[in-house]
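**Q**
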Amino acid sequence: MTPATSLQKRYRFSLSLSAVFDTREDDAVFRSEGVEGYVPFQKEKENEPLKLGAILPLVQSLLKHFPEYFDFVFVSRAHPAVKKRLMLSLKEYGLYDQKQSRPMIDRAIFTNGKSVLPALKMYRADHVITSRSPEAQNDAIAALRAGIAADCVSATPPQRQGHIDHPCLAFDLDGVAFNRDSEDVFQRNIQREMRASKEQLRPFKIDHAVRPYSRHEARKMFVPLPAGSHLRLMQHVHGINALGGKKIDLVVNTARGGDPQERAVRSLEHYGITEYGMYPTPHGVTKADVAAHVDPVPHLFSEDTGKNVALTEAIIATGHVLSEAAQEAQAAATHPKR
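Heads up, the sequence shown is in the numbering used here, so the first residue is 204 and it goes up one at a time.
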């Protein structure tokens, strides 16, 4: 799919309540008291809007500036008793169309604790954004295996929040924009060097892993990296920007340098993505450094490595893309142990 063809339909996000709003108190009641406690709790709180969550600014920005290119639906494991507070919250946070007297997100499904995957398929979701609860992560892995992009975000808003009038999306490359093939090559070289250093009683040398990886990428310089789960969103954003009106800043972050970075750039160009900001993280620079200084502030940074998510999630809204777990689950399903 090219950026131009991606605009033939709106890109559909499926949102969990716990990604858009801070529902930790509500979730704790549901877990400890079940439906019997949750329903009266919501009745008691029905005149209180839900608290702001990690990706509410993303939803506000895209619906304000690009309603014709993005579609949103709530798909939640919560009980329907929260529906009144959801409607109140949409009004509170400016997600209500006064002229048409209806919320800007007017579809919501509540599964009352059951998996949301059937609903994601029913709504033909392109992308699910959910929380980091074990159940939500299982949903995200199932979504990735079904070809649906997925981000698991923190329950609390970050220190730096994207401005509603400066929409920005940021992406890691391997495991997010592209699949994990090259990342797996790098990790195998890391493991090989770790074994060698242990056997030879010498210090671990990262260069001994980087050099063969770089040679691998140089040999495949003109072979595009296979698409990852989030490439469709990047193409969609690039297509919007190509129209020449209001733009969404597109940012990529990568630890790739030299030949590996050139292969990534060529691959993005192959997929029709040519306008973006690149923030590499060379040795001595962390993802936290990028998160603290990137401008404009991303409304969502999609990253697949858990240790990097831990570095950035308190600074900017960070979605954990569980591509490795999804890959392992797929492999286990395809080749079950006997």
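Glycine included, every Cβ here is placed at the ideal spot set by N, Cα and C.
Tell me the DSSP secondary structure of Met481 in three-state form.
**A** In the structure shown, Met481 sits in a strand (DSSP, three-state: E or B).
**Q** What is the residue span of the alpha helix (DSSP H) that Val440 lies within?
**A** Unbroken alpha helix (DSSP H) run through Val440: 434 to 445.
**Q** Cutting at 7 Å between CB atoms, please list the residues of its own chain near Glu386, excluding the five before and the five after it.
**A** Cβ neighbours of Glu386 beyond the five flanking positions: Asp377, Gly378.
**Q** Which value, in whole angstroms, describes the spacing of the CA atoms of Glu338 and Ile258?
**A** So the alpha carbons of these two residues sit roughly 19 Å apart.
**Q** Less than 7 Å separating the beta-carbons of Arg281 and Phe244?
**A** Here the sequence assigns Ala to residue 281, which means Arg is not the residue at that position. It is not a contact, given that the beta carbons lie outside the stated cut-off.
**Q** For His523, is the classification buried or exposed, using 16 other Cβ atoms within 10 angstroms of its Cβ as the cut-off for buried?
**A** Buried is the call here.
**Q** Between which residues of its own chain and Arg213 is the CB-CB distance below 8 Å, once the five residues before and five after are set aside?
**A** Cβ neighbours of Arg213 beyond the five flanking positions: Glu271, Tyr272, Phe273, Asp274.
**Q** Please report the Cβ distance between Ala491 and Thr515, rounded to the nearest whole angstrom; I am assuming they are in contact, meaning their Cβ atoms lie under 8 Å.
**A** At roughly 6 Å, the Cβ-Cβ gap stays under 8 Å, so Ala491 and Thr515 are in contact.
**Q** Could you check the C-alpha separation between Arg363 and Ala421 for me, to the nearest Å?
**A** Answer to the nearest angstrom: the Cα atoms are 37 Å apart.
**Q** Alpha carbon to alpha carbon, how far is Arg398 from Ser470? Give it in angstroms, no decimals.
**A** When rounded, the distance between both Cα atoms is 32 Å.
**Q** Assuming Ile312 is part of the beta strand (DSSP E), what are its boundary residues?
**A** Looking at the DSSP string, the run of the beta strand (DSSP E) that includes Ile312 is 311 to 313.
**Q** Alpha carbon to alpha carbon, how far is Thr333 from Gly240? Give it in angstroms, no decimals.
**A** Computed Cα separation, rounded: 23 Å.
**Q** For a test of the three-state rule: what should DSSP assign to Asn392, helix, strand or coil?
**A** Three-state DSSP puts Asn392 in a helix.
**Q** If I'm right that Met424 touches Asp462 with Cβ under 8 Å, what's the distance once you round it to whole angstroms?
**A** With a Cβ gap of about 7 Å, Met424 and Asp462 count as contacting.
**Q** Which residue or residues does DSSP assign as beta-bridge partners of Phe381?
**A** For Phe381, which the question treats as bridged, DSSP gives the partners Asp377, Ala430.
**Q** Run through DSSP, which three-state label would His419 get?
**A** Helix at His419.
**Q** Would you call Met290 buried or exposed, if buried means 16 or more other Cβ atoms sit within 10 Å of its Cβ?
**A** So Met290 ends up on the buried side.
**Q** Residues in the same chain with beta-carbon distance under 8 Å from Ala207, minus the five sequence neighbours each way, listed in chain order, please.
**A** Summary for Ala207: the model assigns pLDDT 48, below 50, so the residue's position carries little reliability, and this model does not support an answer.
**Q** Got a sec, what are the start and stop residues for the beta strand (DSSP E) Val276 sits in?
**A** That run of the beta strand (DSSP E) goes 273 to 279.
**Q** When you compare the CB positions of Ala345 and Leu320, do they come within less than 7 Å of one another, or not?
**A** Yes; because the gap between Cβ atoms is below 7 Å, this pair is in contact.
**Q** Return the CA-CA distance between Leu265 and Glu506, expressed in angstroms with no decimal places.
**A** Between Leu265 and Glu506, the C-alpha separation is close to 20 Å.
**Q** For Lys450, I'd like the list of residues in its chain whose CB is within less than 6 Å of its CB, leaving aside the five on either flank, ordered along the chain.
**A** Excluding positions up to five away in sequence, the list reads Asn444.
**Q** Give a yes or no on whether the C-beta atoms belonging to Val276 and Tyr326 are separated by under 7 Å.
**A** In contact: Val276 and Tyr326 (Cβ atoms closer than 7 Å).
**Q** Could you compute how far the alpha carbon of Ala528 sits from the alpha carbon of Ser336?
**A** Between Ala528 and Ser336, the C-alpha separation is close to 15 Å.
**Q** With distance defined between alpha-carbon atoms, name the residue in Thr359, Gln390, His486 nearest to Arg227.
**A** Nearest option by C-alpha distance: Thr359.
**Q** Please state whether DSSP places Phe425 in a helix, a strand or coil.
**A** Note: Phe425 maps to coil in three-state DSSP.
**Q** Evaluate Val488 with the Cβ neighbour count: other Cβ atoms within 10 Å of its Cβ, from every protein chain shown; 16 or more gives buried, anything less gives exposed.
**A** Exposed is the call here.
**Q** Do you know how far the Cα of Ala458 is from the Cα of Glu396?
**A** Straight-line Cα distance between these residues: approximately 19 Å.
**Q** Out of Arg405, Arg215, Val455, Gln263, which has the shortest C-alpha to C-alpha gap to Lys324?
**A** If we check each option's Cα against that of Lys324, Arg215 comes out closest.
**Q** Looking at Pro415 and Asn392, is the spacing between their C-beta atoms short of 7 Å?
**A** Yes, the Cβ-Cβ distance between Asn392 and Pro415 is below 7 Å.
**Q** Using 8 Å for Cβ pairs, my map puts Ala222 next to Gly256. What's the rounded Cβ distance?
**A** At roughly 6 Å, the Cβ-Cβ gap stays under 8 Å, so Ala222 and Gly256 are in contact.
**Q** For the candidate residues Pro252, Val232, Met307, Tyr296, whose alpha-carbon lies nearest to that of Phe269?
**A** Out of Pro252, Val232, Met307, Tyr296, Met307 has the C-alpha closest to the C-alpha of Phe269.
**Q** Check this for me: beta carbons of Leu372 and Leu503, under 7 Å apart or not?
**A** Yes, they are a contact pair.
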